[in-house]
Amino acid sequence: MGVVLPVLFALFAALSNALATVLQRRAALTVPQSEGFRLGLVLDLLRRPVWIAGILAVIAAGAGQAAALATGALVLVQPLFVLELPLALLIASLLARQRLSGALWLAVAGVVTGLGVAMAAASPAGNRTHVPADRWIPALVACAAVVAALAVAGLRRPPGRARAGCLGAATAVCYAITAALMKHSVYVLTESGLVAFLTTWQTYAFGASGICALLLLEHAMQGGPLVASQPALTLGDASVSVALGVVLYEEHLRSGWWVLPQLLGVALVCAGVVALARAGTGAP
Numbered sequence: 004m005g006v007v008l009p010v011l012f013a014l015f016a017a018l019s020n021a022l023a024t025v026l027q028r029r030a031a032l033t034v035p036q037s038e039g040f041r042l043g044l045v046l047d048l049l050r051r052p053v054w055i056a057g058i059l060a061v062i063a064a065g066a067g068q069a070a071a072l073a074t075g076a077l078v079l080v081q082p083l084f085v086l087e088l089p090l091a092l093l094i095a096s097l098l099a100r101q102r103l104s105g106a107l108w109l110a111v112a113g114v115v116t117g118l119g120v121a122m123a124a125a126s127p128a129g130n131r132t133h134v135p136a137d138r139w140i141p142a143l144v145a146c147a148a149v150v151a152a153l154a155v156a157g158l159r160r161p162p163g164r165a166r167a168g169c170l171g172a173a174t175a176v177c178y179a180i181t182a183a184l185m186k187h188s189v190y191v192l193t194e195s196g197l198v199a200f201l202t203t204w205q206t207y208a209f210g211a212s213g214i215c216a217l218l219l220l221e222h223a224m225q226g227g228p229l230v231a232s233q234p235a236l237t238l239g240d241a242s243v244s245v246a247l248g249v250v251l252y253e254e255h256l257r258s259g260w261w262v263l264p265q266l267l268g269v270a271l272v273c274a275g276v277v278a279l280a281r282a283g284t285g286a287p
């Protein structure tokens, strides 16, 4: 099985998430902007069929992500979600019947190449399945504190880049901790069955963090331009997920001189993501 199955599942999830992002952004732009955190935003969005379609894509992505995490390491699976942004831009251009410029294709190539170089150099390994409570508690407390601080900072600002960037970063941390919790729950499901899955606290914790991520994502997309929220979301999710994989699941990346090509790959990904996000500000 190796890394093939988790990579395929992760790519499916990334494609589904990209479609969800395009559809949800379209829906979010059709409702009135809110100055604060508004639970009624979801009720407004429920009246938009395009948002419902986006949620169905999110569900499909969640299933693909769960399958990927059940068969592969967190440090392998989550960085592949960087591909969501170029996929989202490609889907948006197809729906709008617009052609991407040569510069945008170059940015897409930069993201794909950079991710390939970084992953090949890092050679993610390890697939621990049990995390003791003394590791979960500080990780959850730290992530919750960061999410709260970023959300409060973002919601205190008027709609614009600062607001979208803070909320995008908060969403990224929520996504990362959701993936870490989901990995444990899926393992319990596959090894011990449905009853054990429904009685482990991680199942309800990843459900709660996933809902928080959804609410923050809607406010991030509504709160400012894509160039501010998407890089924070895309790069933040990958970075925090790698950190959680190393700290919680004792997964590891190659060190030594291998760090140099890893940094080169990350630099290419960052440059490509920023270029694509800037282009995405005008995308439908």
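Number 287 marks the last residue of the sequence shown (our numbering); no jumps. Glycine included, every Cβ here is placed at the ideal spot set by N, Cα and C. Being a predicted model, the structure only gives us computed values, none of them experimental.
Could you give the distance in angstroms between the alpha-carbon of residue i and the alpha-carbon of residue j?
i    : j    : result
S19  : S232 : 19 Å
G39  : L11  : Because G39 sits at a pLDDT of 47, beneath the cut-off of 50, its placement in the model cannot be relied upon, and the following sentence gives the value as read from the coordinates. Computed Cα separation, rounded: 39 Å.
L92  : L219 : 21 Å
P9   : G105 : 32 Å
A60  : L22  : 7 Å
G117 : T237 : 14 Å
A95  : D137 : 44 Å
V155 : V191 : 35 Å
Q27  : E221 : 8 Å
L201 : M185 : 12 Å
V269 : R51  : 37 Å
A173 : A280 : 18 Å
L97  : L153 : 34 Å
Taking the Cβ atom as the reference point for each residue, do residue i and residue j lie within a distance shorter than 8 Å?
i    : j    : result
V176 : V243 : yes
V149 : A69  : no
V120 : G75  : no
V115 : H187 : no
If I follow the unbroken alpha helix (DSSP H) through residue i, where does it start and stop?
i    : result
W139 : A136 to L158
H187 : R164 to S195
W54  : P52 to T74
V120 : G105 to A125
P89  : E87 to L98
V80  : L77 to V80
Take residue i and list the residues in its own chain whose beta-carbon comes closer than 6 Å to its own, dropping the five residues that flank it on each side.
i   : result
L86 : A17
Determine, using beta-carbon pairs with one atom in the segment 126-143 and one in the segment 246-264, whether at least three such pairs fall under 8 Å. yes
- Item | Inter-stretch contact at 8 Å, needing at least 3 Cβ pairs: the segment 201-211 / the segment 148-163 | no
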